[in-house]
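Protein sequences, first through last, are from chains L and V. To convert, count from 1 in the first sequence and add 951; that's the working numbering. To convert, count from 1 in the second sequence and add 594; that's the working numbering. Just so it is clear, CB atoms sit at the ideal spot from N, CA and C, and this is done for glycine as well. Note that the structure is a prediction, hence the values are computed from the model and not measured.
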Amino acid sequence: MRFLITSILGSSVFVLGLSFFDCQVFAEHPFIASYERFYATKDEPDELAGQVLLTELNCTACHPIDVGLPSKGAPVVTGSGNRFHREWIRSYLSSPGQSKSGSTMPHLMHQLPESEREAALSALVAFLSTDPAAEPPIVATGANPVAHEFWLKGQVERGRSMYHQVGCVACHAIDEAFQPAKKTESDLERKIAALGLEIDELEEMGLAAPKKVKPVPMSSISDKYYLRSLSMFLIAPHVIRPAGRMPSLKLQPHEAADIAAYLFASATHSKPNNHEEKSSVNTSVENTSVDKSLIDAGKQYFEQLSCANCHPMAGIKPKMSKAMKELTPSSKSNGCLNDSSVSTPRFGLSSEQVADITKAIESLKRKQPTSDQKKTASDQVTLTMLQLNCFACHERDGQGGVGPDQWAYFENVQHVDIGDEGRLPPPLDHVGRKLTRDWIQKVVEGKGEVRPHFLARMPIYADHSKALATAFVSADRMESMTSSEVKSNNQASQAILTAGRDLFDSGCVQCHAFRGESLPGTIGIDLADVDTRIHREWFEAFLRNPAGLKKNTRMPTFFPDGKSAVPQILDGDATRQIESLWAYLNAKDQPLPLKLEQSSLQSFELIPTDRPILLRTFMDSRSAGTHAIVVGLPQQIHFAFDTKRLRLAEIWKGRFLNAQGTWFDRFAPSATPLGTSRITLPQASFALFDQDGKFRLVDIASEKQLKNKLQKKFLGYRVGEEGSPVFRYSIGRFLIEDRIQAHDDSGLKRHLKILTLGDGDLNEQEKLWLVIADDAIEDETLTISTRSRLNLRVADGVDSRFVQQQTATYWMVALDDRVDGIGVVYQW
Amino acid sequence: MVKLKELNLIWLALKRIPDSLGIRGLGLMNVFPLFNLVVTLIAAILCCASPCAWAEPAKPQESEYYRIVTIASSQASDSRAKNWKPAPDSLALEASGLAAIDDSRLAVAIRKGEVWILSNVYDDPPSKVTYHRFASGLHEPLGLLLHQGSLLTMQRTEMTRLIDHDRDNICDEYQTFASGWGVTGNYHEYAFGPKVDRTGNLWMTLNLGLGLKNEQKSLAITNSKLNVTQGLWRGWGMVLTPDGELKPMCAGMRSPSGLGANLEGDMFYTDQQGNWVATNSLHQLRSGAFYHHPDSLASVEQPGSTIKPIDEIPDGVTFPEAIKKLSILKPPAVWLPYKKVGQSATDIMVDGSDGKFGPFAGQLFIGEFTQSSINRVFLEKIDGEYQGVCFPFREGFASAVLRMEQGKDGSVFVGLSNRGWSSLGPASYGLQRLVWTQKIPFELKEMRAQPDGFELVFTKPLQQDSASKIDSYEITSHTYRYHSQYGSEELQEQPHTIKNAEVSEDGLRVRLRIESLRELFVHSLNASGVRSADGEPLLHSNAYYTLNKIPASDR
C-alpha cells in the first residue's frame, strides 16, 4: 500500500520509501508519554515520576498498597484471537519490548525454563484464541451511518487528514506527508518571530524553549490487527483497554475505517496477507480447531505467570506479591527493577526509571497522612493528568500543553485566526474555580461540546470523570465562592434583561455565538446558558480583568480600571452591567441580541421590493392554519390566505415574514408575521340562511353537515403580470376568482369574481354570503368599521347585511348570480 | 498502475532475506530506514520491469464501472442543527425532485420550495451548467414529474401542476391538481410523488405524523378500537385517476419516501425502518394492501377506505406469524436488510435505458439516505406476486441520496439532501450524475427462486472451477419480528447446506440446490468464492432474496 501512496503523491521514491512509523525512535525502555516528556531526562529522581511509573507499569497490581495508586490495568485479552493475528500474539508474548517499541508489558517468558518456552507460547496463544467473543456490534441508527463491512471501506487520504486533525497526533507520530490546510502561527511562535528568532534558536541562547514531545509508539499495526478489529478498537478503545489511556475520539465507524486504512497503508508489513480480510464477519476468526489440552495448558501458564493480575480473566484470581511497603528497592536483590532477575517480570527499565521508582517507594514508606485537602486534591489532579496524559493537550500551572511540533495540526473549521484560544485545547489553570463540577464531569466524559469550531475533539475519559471533576473543584476552589454562588437570577427585571441584551450587542457579539446564531464569519463559544457551565464568581472576575485569569487571551477588557466602556447602559455601573449580562445569558425567553437577530433575518427575511412574494407554509390555527399561503406586497401590506377554509385569514403591515422555519427547519414550525398592525379576520368566510331563514356560518362545526351542499375546493392560483396571485376556488355551486391587491398604499382591495355553476336562478337558500367581518360596528350599509379598527367598504349595488349572533356582529355580502363581482376595501 | 499485491509479494521476498539470515526481531525496518528505502527502490524497479502475471487481480472498485460526476455540492454542516443554514451565498440545492426535460435540461425541485431548470447538465465536466428559477413559494416539494407537458410536484398539502402559459420559462399558474388528505401541521407529515403507473393513475404516498401535539390531534382522526390517531389518509398510498378522482388505495406505510414503477408499469414504494417496520422494504402498491404500520388505520373507517376495519393487531410475533394472523398484511416484495443494504431507503428508479446504463436494464434502483448510496433490485413474479432480491450497487455519493432520475442518455441524476437526519459523505446537499463507463462489472445480475434452491445469473461468463464449487457460496436465512418497537433484529438466522452448484452451458448461470428453503424468510447469499472466466472476484458478492413463496416447479 505504501507504494500506492507514494505514487499517488508523486514525490521522490527516495523520500517516500520510508513510512513515517519507520522513522519513530525505538524506545528501549517502557514508554509512558508524560514520563518521557517531563521526567525522562531529569537529573534528580522524582517521587511523582516514580508514582506515575508505579501505576502505569502496573506495579501496584502485584504489590498491594494502601494509598491511592491503583494500577492502570491492562487490555482485556479474552477474544484476542478474534482481534489479533496469532503470529503477532506469539511474537509479542515472546518479547513484548521488541515486538512493540516501548511496550509497558514486561517480559515474562524468561521465568520459564528455556526448553519449555516454545510450548508455553503455543499454549498461551491457543488459550487466548479460545474465546471468539467479538466486539459488541456497532448499532446503526439514522444518526449513525454504518455501511456493511465498513472497515473494508476506509480511504487512506481521508484517514490521513482525520488522523492529523481530530487529535491523534497529540500523542502519536506526525506524518510529514500531511500538510495542514493552513499553517496558523501560535501566539508563542508569533512572539518569537517578532524577535526575529525561531523556536530552535531559543535553547541555543539559553532561553526556556517549549520542549518537543516524543510520540507514543504504536505496534506494527498491520501485523497485529485486522482492519476490522482495528476499526472497532478505534471506535471504542475502552472496550479492550478499560484503563482509558488510549481514549475514544468519538469516531464514527466510517471515520475509524479511514484511520485504520491509513495506519495500515503507513505500516511496514512483514507478512504478505496481513491486510487481507475475509469479507464475512465471523470468518475473521481463524476457525482452527485447537487441542483442548493445549488450551488448558495455556490457562495454567496464564495463571502461573500472574497474567491475571493485570489482565482480568474469569476464573483466575490475581496472585499478590509482597506489599509495596515491604519492598526494598535499593537492595541488591531488587526483583522487577533488575533485569537479570530470573524469577520476576522483566521490564527493561531505564536507570532513570529505576531511580524514580526507588524514590517513590522509599517515600511511600515514610508517608504521613496529610490534612491539607487542597494539596491532596491538587496532587491528585497532577497525577491523573500525568497518567491520562491530559498534558499532551492541556496546560496547567505552566506544565504541558500541545507540543511545538504539534501546534500546526490543531485547527479550527474555518482556519480563522483567533489566537491559540481559537484552536488549541484550553489551559486548565484554575478550571475548578471556573467550571461547575457537573460541567467538568460532562466535559471529561466527552459530552461537553462548547467549541464545535475545533477540528480536534475532546476524548472520552468516562471512568475518570467523577473523580477528576471532584479533584479539580477541591484543588481550585476559592474560599469566597460559597457565598457568591448565585445561580441565574430568575427575578431579573425586564429592564435588567434588556440591558444585558444591549451589552451583548455592544461587545460579545463580535466574537461569541448565542443560541446557535453568530455573525457571519464569526466563530466562538456560544454563551447561552452559561450558568450551566461557569461559576458566577469566575464570570465576573474574568469580565473585570480577562488577562488576569487567562494570559494571552484575546478577550478584551470591557471594564478598564473597573469602569464600564459603555456608560450609557445602567449608568455605566460595572457590577450591575455584569449582573444584567449574566441574567440575559441565562434567560430562556429573551429575544436574540439585535445584531444576531438582524444577521439571521438578513438571510431569511422576505422583503417584497418590486414584486409580491408568495409562500406556502404552516401558520397558527387562528391565522391561516396548515394550508396557508402568505403574500407580501411591495407596498409593505401583507396577507395570509387559508386555502383549506377558503378565507382571508390575517392582514398586516410593515415587515413581512421570516422564511427560515419554512425553508430549513426540520420541525416545520408555523410562520409568524414580522410586521405590525396585525388583524385576524373572521374564522368563517361564508354563511347561509337555511330553509327556516336561520343564519348559519359555514365553519368547522357546520362543515360536515353541509359538506355535500357546500363542498369547498381550492383550485390554485395564477400569478399576474405584476406578480400578485389570483386565487381560484369553488364552494358549492360557485366558482370564485379572488384577487387581493394593495389599495392606496394603505390598505387592501379584494375583488371576487363570481361564476355560478349550473343553470337557473338561485333561491334564497342557495345564496351564499361572504362574511367580511365578525366584529362589525354597525354604521352604514356599505361602509363599516370594526372593533379591531378595520374600515371596510363595498361598492354600490351589493346586497349587504348585518347579523348579530351572541357576541359577534357579522357583516356580509351576498353572492348570487346577479353580481359578477364584489369589491371589498380593507383599510387599517 | 502497479498492483498493490504484486508489490507486497516482492517486498516480502526481499524482506525475507535478512530474516532468513537470522537477524529477525529487532524491528529491522525501524532501525534501518535506509534498508527500507533501498528495498522500496528495488521493488519499484522490478515491478515496472516485469509484469507479474501470476498475481491475483486487485479487488475491483465500483468507480471503474460507474463514475460519479458532481454537478453541484455544498460544504457539509450539522445536518441536525436546530438553526440549520445552507452554505452562504449559494443556491440551497437540496434536490427533492428531479425531472429530465430533454438532452440538456433537468428540472430540480428543492426542499425550500422552489423548482429550478438546469441547462447543460450532461456536460462532462459539468462546467457550463446554468440555473434558472421556474417556480417558487412551494411547501417542501418532495417529488417532480414531467406529465402531459407540464411539471407536477407534491407539496405538503397538495399535488400541484406548474403551468407556464406564456412560455417565458417562469411558472404562472400553480394549479391544485389533488388535495384533501389530512395535514395536522406535524413536521413528519411528508407527501411523496407523483409517479404514473400503467393505467395513467398518479400515485402518491403520505408519511405518518410523529408525536402529534394536542392542537395537531384536533385535526386528526382517531380509531378508538386500535387506539391510533393520525390525519386523514396518513400512512396511505393514494391515486389521482385520469378522471381526476382522488382515491385511497393501500395503508400501513410509515415513511414512504420513494415511489416508482417497473417497466411493466406496476407501482412500488419503499418504506423505512422504524416502529412496526423491521427494516427498509420495497412493496408493490395496489388496492386493499396493508404493509406495516397500524397508525394508518386511523382512517380505515373513512368513506373510500379499501380496507375492512379490523379489531386487533398482533404485536411481537415473527413476520411469518403476523402474515398468518393478520389477513390484510402483505409481505414486502423485497426486504432490504439493515446496514447490509442501507439504513433508510428512498427513491425507486427503473433502468429504462435498454442497456445505456449497463447490464441491468429493467431492474429497479433504490436510493439510500443514510449511507449515501444506491442499491439494486431484481424482481420476479411467483404465483402473480412480486418478490425478489437486492444487491449493493454504488456507494460514495456526496450526501444522502433522496432522488434519482434517469437522463436521456441513460445516465442517472442523483439528488442529495441530508438535512434533518444524517448521512455519509462530505456534503449537505447537491446534485450528482452516475455514468456507466461502458465496462461491465462482474456482478450477480439476477437471483431467481427455484423449488429447491436458486438460479444465479451473472453479468460475465464464469470460471467453471470456482462457480461449481459449493464452498464458493454461503447461504443463511432469517426473518424479522413484527412489533410496535423500532426496527427488528434478524431472527431465527440459520445456515443452509448447499447440495450442489451447477454451471450452465453458456457459463452465465449457476443453479444452486439448497436444503430446506424457508418461506417468508430472507435468504442471504454470499458468493465470495466465485470468479469470472478472467479470474475476477465479484464486485459485490452479497445478495438478499425475500422468499415469500417457493415456486412449485422449475421455471
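Integer Cβ distance of residue i from residue j, believed to fall under 8 Å
i: V723 of chain V; j: W710 of chain V; result: Not really, about 11 Å apart at Cβ, beyond 8 Å.
i: G961 of chain V; j: D941 of chain V; result: 4 Å
i: K1023 of chain L; j: A1194 of chain L; result: 4 Å
i: L840 of chain V; j: M832 of chain V; result: 6 Å
i: F1215 of chain L; j: L1178 of chain L; result: 6 Å
Test item: CB-CB of residue i and residue j under 7 Å
i: S890 of chain V; j: A845 of chain V; result: yes
i: G1429 of chain L; j: R1384 of chain L; result: According to the sequence as given, residue 1429 of chain L is Met; it is not Gly. Taking 7 Å as the Cβ cut-off, M1429 of chain L and R1384 of chain L qualify as a contacting pair.
i: S1675 of chain L; j: P1563 of chain L; result: yes
i: L1010 of chain V; j: G1001 of chain V; result: no
i: V738 of chain V; j: T747 of chain V; result: Note that residue 738 of chain V is Leu in the sequence shown here, rather than Val. Yes, these two residues count as a Cβ contact at 7 Å.
i: H1694 of chain L; j: V1776 of chain L; result: yes
i: V1120 of chain L; j: Y1360 of chain L; result: yes
i: P1166 of chain L; j: H1115 of chain L; result: no
i: T778 of chain V; j: L740 of chain V; result: no
i: I1069 of chain V; j: I1108 of chain V; result: yes
i: A1095 of chain V; j: L1102 of chain V; result: no
i: S947 of chain V; j: G1004 of chain V; result: yes
i: D1307 of chain L; j: L1103 of chain L; result: no
Where the beta strand (DSSP E) through residue i begins and ends
i: W797 of chain V; result: L796 to L800
i: D865 of chain V; result: M861 to D865
i: T1070 of chain V; result: E1068 to T1073
Nearest-angstrom Cα separation, counted from residue j out to residue i
i: S690 of chain V; j: S744 of chain V; result: 18 Å
i: L1547 of chain L; j: E1468 of chain L; result: 6 Å
i: L1719 of chain L; j: Q1757 of chain L; result: 21 Å
i: A1407 of chain L; j: G1118 of chain L; result: 5 Å
i: A643 of chain V; j: L1181 of chain L; result: Low confidence applies here, because A643 of chain V scores a pLDDT of 38, under 50, leaving its location unreliable; read the following figure in that light. Cα to Cα, the separation comes out at about 35 Å.
i: D1767 of chain L; j: F728 of chain V; result: 38 Å
i: V1236 of chain L; j: R1034 of chain L; result: Note that V1236 of chain L scores a pLDDT of 42, beneath 50, so its modelled location is shaky; the value from the coordinates is reported in the next line. Rounded to whole angstroms, V1236 of chain L to R1034 of chain L spans 8 Å at the Cα level.
i: D1561 of chain L; j: Y768 of chain V; result: 21 Å
i: A1727 of chain L; j: T1737 of chain L; result: 4 Å
i: W1779 of chain L; j: A1635 of chain L; result: 21 Å
i: F1036 of chain V; j: F954 of chain V; result: 12 Å
i: S1572 of chain L; j: E734 of chain V; result: 19 Å
i: E1084 of chain V; j: R848 of chain V; result: 20 Å
i: L1743 of chain L; j: Y784 of chain V; result: 39 Å
Proximal residues of chain L, C-beta to C-beta of residue i below 7 Å
i: T778 of chain V; result: T1577
i: N677 of chain V; result: G1467 and E1468
i: Y781 of chain V; result: R1617, F1618 and A1619
i: Q965 of chain V; result: P1096 and A1098
Residue i - containing alpha helix (DSSP H), residue span
i: I1186 of chain L; result: L1178 to I1186
i: F1555 of chain L; result: L1545 to F1555
i: L1500 of chain L; result: P1497 to L1500
i: C1013 of chain L; result: C1010 to C1013
i: E708 of chain V; result: E708 of chain V -> not in any alpha helix (DSSP H); beta strand (DSSP E) instead, spanning E708 to S713.
i: M1113 of chain L; result: V1107 to Q1116
Residues that residue i contacts on chain V, provided the C-beta gap is smaller than 9 Å
i: L1584 of chain L; result: Those within 9 Å of L1584 of chain L in chain V number zero; the least Cβ separation is about 14 Å.
i: S1282 of chain L; result: Under the 9 Å cutoff, chain V gives no residues; its nearest Cβ is about 33 Å from S1282 of chain L.
Contacts that residue i makes with chain L (C-beta to C-beta distance below 8 Å)
i: K933 of chain V; result: A1091, V1097, A1098 and H1099
Within chain V, partners of residue i - CB distance below 8 Å
i: Y1668 of chain L; result: E767 and Y768
Contacts of residue i in chain L (Cβ-Cβ under 9 Å)
i: L732 of chain V; result: L1566 and R1567
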